[in-house]
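So the sequence shown is numbered by the UniProt record's numbering: it starts at 1 and just counts up by one.
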Amino acid sequence: MLQLLSRSTKWHSFLNKFQNMKSRPKLDYRNKLILAPMVRVGTLPMRLLALEMGADIVYTEELIDLKLIKSIRRHNPALGTVDFVDPSDGTVVFRTCALETSRLVLQMGTSDAARALAVGKLLQQDISGLDINMGCPKEFSIKGGMGAALLANPDKAALILRTLCSNLDIPVTCKIRILPDLDDTISLVEKLADTGIAAIGIHARTRDERPQHRPHPDVLRAVAKAVSIPIIANGGSRNMQKYEDILKFQLECGADSVMVARAAQINVSIFRRDGLLPMDELIEKYLRLCVDYDNAPHNAKYCVQNMLKELQETPRGKRFLQCQTLQQICEIWHLGDYCRRKQKELRTLGNSGRAEVEPPEAQAKRQKMEEAATAITDDFEGVICRSMPFLRSTYASDNHLPKTVLYVYAGRTGKSPPCYETQQCDKLFRAICSYDGQRYSSTFWEKNKKQAEQGAALVALLHLGQLQEEPLRENGSLIN
Ligand SMILES: Cc1cc2nc3c(=O)[nH]c(=O)nc-3n(C[C@H](O)[C@H](O)[C@H](O)COP(=O)(O)O)c2cc1C
Numbered sequence: 001m002l003q004l005l006s007r008s009t010k011w012h013s014f015l016n017k018f019q020n021m022k023s024r025p026k027l028d029y030r031n032k033l034i035l036a037p038m039v040r041v042g043t044l045p046m047r048l049l050a051l052e053m054g055a056d057i058v059y060t061e062e063l064i065d066l067k068l069i070k071s072i073r074r075h076n077p078a079l080g081t082v083d084f085v086d087p088s089d090g091t092v093v094f095r096t097c098a099l100e101t102s103r104l105v106l107q108m109g110t111s112d113a114a115r116a117l118a119v120g121k122l123l124q125q126d127i128s129g130l131d132i133n134m135g136c137p138k139e140f141s142i143k144g145g146m147g148a149a150l151l152a153n154p155d156k157a158a159l160i161l162r163t164l165c166s167n168l169d170i171p172v173t174c175k176i177r178i179l180p181d182l183d184d185t186i187s188l189v190e191k192l193a194d195t196g197i198a199a200i201g202i203h204a205r206t207r208d209e210r211p212q213h214r215p216h217p218d219v220l221r222a223v224a225k226a227v228s229i230p231i232i233a234n235g236g237s238r239n240m241q242k243y244e245d246i247l248k249f250q251l252e253c254g255a256d257s258v259m260v261a262r263a264a265q266i267n268v269s270i271f272r273r274d275g276l277l278p279m280d281e282l283i284e285k286y287l288r289l290c291v292d293y294d295n296a297p298h299n300a301k302y303c304v305q306n307m308l309k310e311l312q313e314t315p316r317g318k319r320f321l322q323c324q325t326l327q328q329i330c331e332i333w334h335l336g337d338y339c340r341r342k343q344k345e346l347r348t349l350g351n352s353g354r355a356e357v358e359p360p361e362a363q364a365k366r367q368k369m370e371e372a373a374t375a376i377t378d379d380f381e382g383v384i385c386r387s388m389p390f391l392r393s394t395y396a397s398d399n400h401l402p403k404t405v406l407y408v409y410a411g412r413t414g415k416s417p418p419c420y421e422t423q424q425c426d427k428l429f430r431a432i433c434s435y436d437g438q439r440y441s442s443t444f445w446e447k448n449k450k451q452a453e454q455g456a457a458l459v460a461l462l463h464l465g466q467l468q469e470e471p472l473r474e475n476g477s478l479i480n
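Structure below.
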């Protein structure tokens, strides 16, 4: 009978899942450096980078149960990932891969035990721990009875945790904030510990305290003395500039483990025993992972912005802020070729992106865009192309703009004025400048038609020897 059953593919995949989960050692929360849950920051590339830098455990950003429950789990063989995809619009709600499974905790926002359990069952084969957010003070969470709302409803919080602990095969934890009163905090932690959770993350601030307020390591120390489950201390980033500062905070709190958010958001190499990496090296590593795992460009941009901080004001930073695609961002860190090559390879491997789960209207729109992009590539046959973004702020007046300069140059040399044609792909533009029997274009996709034309004129001027590369590179309007 068993033999017969094992022949069926369904039974086989169930057996695999079960064996994978059982063979994975249970996550131990003692003596660990942890990447804290952070919305928009804790996506796959940043988690993998944190692990590479020395974090022992990484948390996902908070993912809401309602969103997860309706998502479709699918393998993405091109990327080697498991994706949970929103079937209504095809967006990837959660992407993970085998490299992180044994050290990955997913943080969920929930207010309902049954729903949380359903999500836990859907996810447990792909993660090693499930954490419930009980500390988020944002209006969205509180209104939905999630996050810090659960601190005011300990019975419900305990019910959620008990339901998960009794029915899932992976360890369950929660992340709370301290209460204004120490005894109340200890009572709450004891009540939650009774549910069977494997550890508790505690942000050393109250619900009403903001990140700029000093944390309360003394409160954590008292809690850690009073309870026996592992305490994960959080809230110390304000005083964390290097690896040793993480350990100092852990010691101050008397905690078993420590969880870092903002300090890692700025420089994830804070987890590195051998010291911080230079920012550009870190960004490069991060971008490679974004390319490898086809990360959404807006997410990559947000994370790089956090690393750049005030350097966003430099010419390079300003150029970066104008980027809309991963390719454009990669060009700035000299990874343009890597990005192009890898994206091509992923397409060849069938990285279908959203296609399989798209509703028909979205699918039609995407196909139209893909056709347009192919047509555009064909149209660029024989065109002299360079990657030259146009940055208006680097030109003193309209008289200096590339289109004007090229127009004047044409008049001076007795040639017909240049003319332009523009191609649009979704919300981005490229232009071709035709001048004296030759066509020129910038490979940098611009946000509007006018900028695209200026970019094309720049390429023409450069080719005609009317621009010098080096000065332009310095003032930030030329990238190679
Ligand atoms: C950008 C950002 C996003 C965050 N998102 C989450 C989240 O999804 N879930 C959560 O429990 N806390 C979240 N937090 C709070 C952090 O996990 C952490 O509790 C807080 O920043 C204090 O730790 P730190 O001093 O190390 O920054 C977020 C913090 C930041 C800065």
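Heads up, the beta-carbon is just placed ideally off N, CA and C, and yes, glycines get one too.
These figures come from a predicted structure and were not determined experimentally.
A distance below 8 Å separates the beta carbons of Leu182 and Ala222.
It is roughly 11 Å from the alpha-carbon of Ile72 to the alpha-carbon of Arg95. Taking the Cβ of Val172 as the reference point, every heavy atom of ligand 1 lies at 7 Å or farther away. Counting C-beta pairs with one atom in each stretch, the region 151-168 and the region 105-124 have three or more that are closer than 8 Å, which means they touch. In chain order, Arg95 and Cys97 place their CB closer than 6 Å to the CB of Thr81, counting only its own chain and leaving out the 5 sequence neighbours on each side.
The C-alpha of Glu446 is placed about 20 Å away from the C-alpha of His463. An exposed status is given to Arg392, since fewer than 16 other beta-carbon atoms sit within 10 Å of its beta-carbon. In the same chain as Ala149, and ignoring 5 residues on each side of it, the C-beta atoms closer than 6 Å to its own belong to Ile142, in chain order.
Residue range Ser257 to Val260 is occupied by the beta strand (DSSP E) that includes Val258. Listed in chain order, the alpha helix (DSSP H) runs fully inside the region 35-112 are 44-53, 65-69 and 98-101, counting runs of at least 4 residues. Taken atom to atom, the span from the alpha-carbon of Glu284 to that of Arg74 is near 29 Å.
Between Lys427 and Asn448, the alpha-carbon positions lie close to 8 Å from each other. Here DSSP, grouped into helix, strand and coil, assigns Phe429 to strand. Non-local C-beta neighbours of Ile332 in its own chain, meaning closer than 8 Å and more than five positions away in sequence, comprise Arg316, Arg319, Phe320, Cys323 and Ile479, ordered along the chain. In this structure, Glu62 has its CB closer than 7 Å to one or more heavy atoms of ligand 1. Beyond the five residues adjoining it in sequence on each side, Thr206 comes within less than 7 Å, by CB distance, of Arg177, Ile178, Leu179 and Pro180 in the same chain, given in chain order.
One alpha carbon belongs to Leu35, the other to Ala50, and they sit about 7 Å apart. Three or more pairs of CB atoms, one per stretch, sit closer than 8 Å, so the region 242-262 contacts the region 212-222. Remark: the shortest separation between the CB of Val408 and any heavy atom of ligand 1 does not fall under 7 Å.
Of the other Cβ atoms in all chains shown, fewer than 16 fall within 10 Å of the Cβ of His400; this residue is therefore exposed. By the beta-carbon neighbour count (other beta carbons within 10 angstroms, threshold 16), Pro389 is buried. DSSP places Ala233 in the uninterrupted beta strand (DSSP E) bounded by Ile231 to Asn234. In this structure, the C-beta of Met38 approaches ligand 1 to less than 7 Å from one of its heavy atoms. Closest option to Leu68, judged by alpha-carbon separation, among Met108, Glu52, Leu277 and Thr195: Met108. A distance below 7 Å between beta-carbons, with the five flanking residues on each side excluded, links Cys339 to the following residues of its chain, in chain order: Val291, Leu326, Gln327 and Cys330. Judged by DSSP secondary structure, Ile197 falls outside any beta strand (DSSP E); it is assigned neither H nor E. With a minimum length of 3 residues, the unbroken runs of beta strand (DSSP E) contained wholly in the region 133-178 fall at 172-177.
Taking the Cβ of Asn267 as the reference point, every heavy atom of ligand 1 lies at 7 Å or farther away. A distance of 8 Å or more separates the beta carbons of Gln265 and Val39.
In this model, Ile270 and Leu164 are separated by some 33 Å (Cα to Cα).
Secondary structure at Ile270: helix, using DSSP grouped into helix, strand and coil. In the structure shown, Cys419 falls within a strand segment according to DSSP collapsed to helix, strand and coil. Ile229 and Ala193 do touch by the CB rule: their CB atoms are close to 5 Å apart, below 8 Å. Within the model, the alpha-carbon separation for Gly135 versus Met259 is close to 14 Å. Beta-bridge partners assigned by DSSP to Ser441: Cys385. Just so you know, the alpha carbons of Asp184 and Thr195 end up roughly 17 Å apart.
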